[in-house]
Amino acid sequence: MIIAKSLHKTFRIPVVKQGRLQGLRTLLTRDYRLVEAVKDISFEIPKGEFVGYIGPNGAGKSTTIKMLCGILHPTSGEVTINGRSPQKNRMELVRQLGVVFGQRTQLWWDLPVKDSFEILASLYKIGKPAYRRQLGKLSEVLNLRDFLDTPVRKLSLGQRMRADLAASLLHDPELLFLDEPTIGLDVLAKKQIREHLRLLNRELNKTILLTTHDMDDIEQLCSRVIVINHGQAIYDGTLEQLRGRIGLPTRMKITFREAIKQPSAHTPPFQIQMIDSRMMSVACNRQETTAMEVLQAMSAWGVIEDVHMEEPDFEEVIHRVYG
6 MIIAKSLHKT FRIPVVKQGR LQGLRTLLTR DYRLVEAVKD ISFEIPKGEF VGYIGPNGAG
66 KSTTIKMLCG ILHPTSGEVT INGRSPQKNR MELVRQLGVV FGQRTQLWWD LPVKDSFEIL
126 ASLYKIGKPA YRRQLGKLSE VLNLRDFLDT PVRKLSLGQR MRADLAASLL HDPELLFLDE
186 PTIGLDVLAK KQIREHLRLL NRELNKTILL TTHDMDDIEQ LCSRVIVINH GQAIYDGTLE
246 QLRGRIGLPT RMKITFREAI KQPSAHTPPF QIQMIDSRMM SVACNRQETT AMEVLQAMSA
306 WGVIEDVHME EPDFEEVIHR VYG
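For the sequence shown, counting from 1, position 94 maps to 99 in our numbering; every step adds exactly one.
Below, the structure is given as structure tokens:
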């Protein structure tokens, strides 16, 4: 559905002169520096996939999204959505796209939410019966009814984000680009947004590309993750493969039936972190050994009664990737 080939985006940034009369000197003699926001990024996203597109601030995430939407033109490379360029065929593709930029709204600030929806329905040429059906469905799923008549400027951040998500879905697009859709939301609002996104993807087969700094969003929603840093893609695959690639340890807490008896001569395939009477905490690298091999080795310490496993925290994995 989405194909990005060797995307580059370079911005020309004015250099501010220093010293006396710096404003006048900057105006009269302009110097520029080139900043590469995106460098040779390529990927393909098939229909129905939910992809996390993540990286630190300034990595090039939003710039990529804007090129995929047709808002920005790549300096070189190309993007196609269903075989068409979003830059050259933007009017034809706009009905297939829904976009949410978490720090900007597409709603009219002083108008009630419902009026903004009606303007967008008119822009997308949505018939009144179809508009009423879609608005009713979105109002129920996103719990919009309590503030449809409220001016956008009076909404809480959580309410505005739900209204913005609904606005992007009024025309029932096939493809959603979400740039920080849960930024600043409380736990309940995040849960509601995630549940609706999961429904859109799994039951309605919507294709979704999500950028976020909230690793819970990625873990709970995405089947695939693309990691970028300094404008370049440094990883593309599943969360499990990413954890394995980094090699962070899996932690296991084992409870024994009786007090632990350490073997006299034993080289375990794990690192002991804590021993306390009947409980033992260990760490192992799943690239080098399996959980079953660890448990078999631990049976020499006593009869195992209970096991609790903890995979590496995903945020820790991502920090390791960025580093």
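We put the CB at the ideal spot given by N, CA and C, even for glycine.
* Nearest candidate by alpha-carbon position, reference V322, set R38, S127, P19 and M220 -> Residue nearest to V322 within the set R38, S127, P19 and M220 is M220 (criterion: CA-CA distance).
* Ignoring anything shorter than 3 residues or poking outside the segment 83-108, list the beta strand (DSSP E) runs there in chain order. => DSSP runs (the beta strand (DSSP E)) wholly in the segment 83-108: 102-106.
* To do: Look at V43 and T85 and say whether their C-beta atoms are less than 8 Å apart.
  => 8 Å or more divides the Cβ of V43 from the Cβ of T85.
* To do: Keeping to the same chain, check which residues put their C-beta closer than 8 Å to that of W114; ignore five residues upstream and five downstream.
  => Excluding positions up to five away in sequence, the list reads P156, V157 and R158.
* Asked: Thinking C-beta only, is P274 closer than 8 Å to A302?
  -> In this structure, A302 lies near P274, with their beta-carbon atoms less than 8 Å apart.
* Asked: Anyone know if the C-beta pair for L247 and I50 falls short of 8 Å?
  -> I50 is positioned such that its CB atom lies no closer than 8 Å to that of L247.
* Asked: DSSP three-state call for M257: helix, strand or coil?
  -> Strand, per DSSP.
* Assign L175 to one of two classes, buried (16 or more other C-beta atoms within 10 Å of its C-beta) or exposed (fewer than that). => L175 should be labelled buried.
* To do: Taking all protein chains shown into account, decide if M257 is buried (16 or more other Cβ within 10 angstroms of its Cβ) or exposed.
  => Burial call: buried.
* Which value, in whole angstroms, describes the spacing of the CA atoms of D311 and P254? -> Between D311 and P254, the alpha-carbon positions lie close to 20 Å from each other.
* To do: Would you give the residue range spanned by the alpha helix (DSSP H) that D221 belongs to?
  => M220 to L226 is the extent of the alpha helix (DSSP H) around D221.
* To do: Alpha carbon to alpha carbon, how far is E179 from S47? Give it in angstroms, no decimals.
  => S47 and E179 have their alpha carbons spaced roughly 21 Å apart.
* Asked: When you compare only the Cα positions, how much space is there between V299 and R229?
  -> In a straight line, the C-alpha of V299 is about 29 Å away from that of R229.
* Mapping DSSP to helix, strand and coil, what is T272? -> Three-state result, T272: coil.
* To do: Measuring only between beta-carbons, confirm whether R229 sits less than 8 Å from chain C.
  => Reference to chain C is not applicable here, since this structure consists of a single protein chain.
* Where the beta strand (DSSP E) containing P61 begins and where it ends -> Counting along the chain, P61 sits inside no beta strand (DSSP E), nor does DSSP assign it H or E at all.
* Asked: With distances taken between CB atoms, is the gap from I7 to T217 smaller than 8 Å?
  -> Their beta carbons are not under 8 Å apart, which means I7 does not touch T217 by this criterion.
* Straight-line gap, I259 to Y136 (C-alpha atoms, nearest Å) -> For I259 and Y136, the distance between alpha carbons rounds to 56 Å.
* Any idea if L205 is buried or exposed, counting beta-carbon neighbours within 10 angstroms, 16 or more meaning buried? -> It is buried - the Cβ of L205 has at least 16 other Cβ atoms within 10 Å.
* Asked: Does the count of Cβ pairs from the segment 165-173 and the segment 99-114 closer than 8 Å reach three?
  -> The segment 165-173 is in contact with the segment 99-114.
* Would you list, in sequence order, the uninterrupted alpha helix (DSSP H) runs of no fewer than 4 residues that lie entirely inside the segment 150-199? => Along the length of the segment 150-199, whole alpha helix (DSSP H) runs at least 4 residues long occupy 162-174, reported in chain order.
* Asked: Would you call the segment 183-190 and the segment 13-24 touching, i.e. three or more CB-CB distances under 8 Å?
  -> Judged by Cβ distances under 8 Å, the segment 183-190 makes no contact with the segment 13-24, as fewer than three pairs qualify.
* What separation, rounded to the nearest whole angstrom, lies between the Cα atoms of A64 and M314? -> Going from the Cα of A64 to the Cα of M314 covers about 33 Å.
* To do: With a threshold of 16 other CB atoms inside 10 Å of the CB of M297, please say whether the residue is buried or exposed.
  => Residue environment analysis places M297 among the exposed positions, since fewer than 16 neighbouring C-beta atoms fall within 10 angstroms of its C-beta.
* Go ahead and pull the three-state DSSP assignment for M284. => Here M284 sits in strand by DSSP.
* Asked: alpha helix (DSSP H) containing V333: first to last residue?
  -> Since the first residue shown for the chain is 6 and the last is 328, residue 333 is missing from the structure and cannot be characterised.
* Mind checking V20: buried by the 16 CB within 10 Å criterion, or exposed? -> Answer is exposed; the Cβ neighbour count stays below 16.
* To do: Using three-state DSSP, classify N148 as helix, strand or coil.
  => Assigned with DSSP and collapsed to three states, N148 falls in coil, not helix or strand.
* If you check the beta carbons only, do L153 and K119 fall under 8 Å apart? -> Yes, these two residues count as a Cβ contact at 8 Å.
* **Between the CA atoms of S282 and W306 - distance to the nearest angstrom** => When rounded, the distance between both Cα atoms is 12 Å.
* To do: Please state whether DSSP places V329 in a helix, a strand or coil.
  => Nothing can be reported for residue 329: it is not among the residues displayed for the chain, which extend from 6 to 328.
* How is N2 classed by DSSP in three states: helix, strand or coil? -> Given a span of 6 to 328 for the chain in the structure shown, any question on residue 2 remains unanswerable.
* Would you tell me roughly how many angstroms separate the C-alpha atoms of E208 and K142, rounded to the nearest one? => Their Cα atoms are separated by approximately 14 Å.
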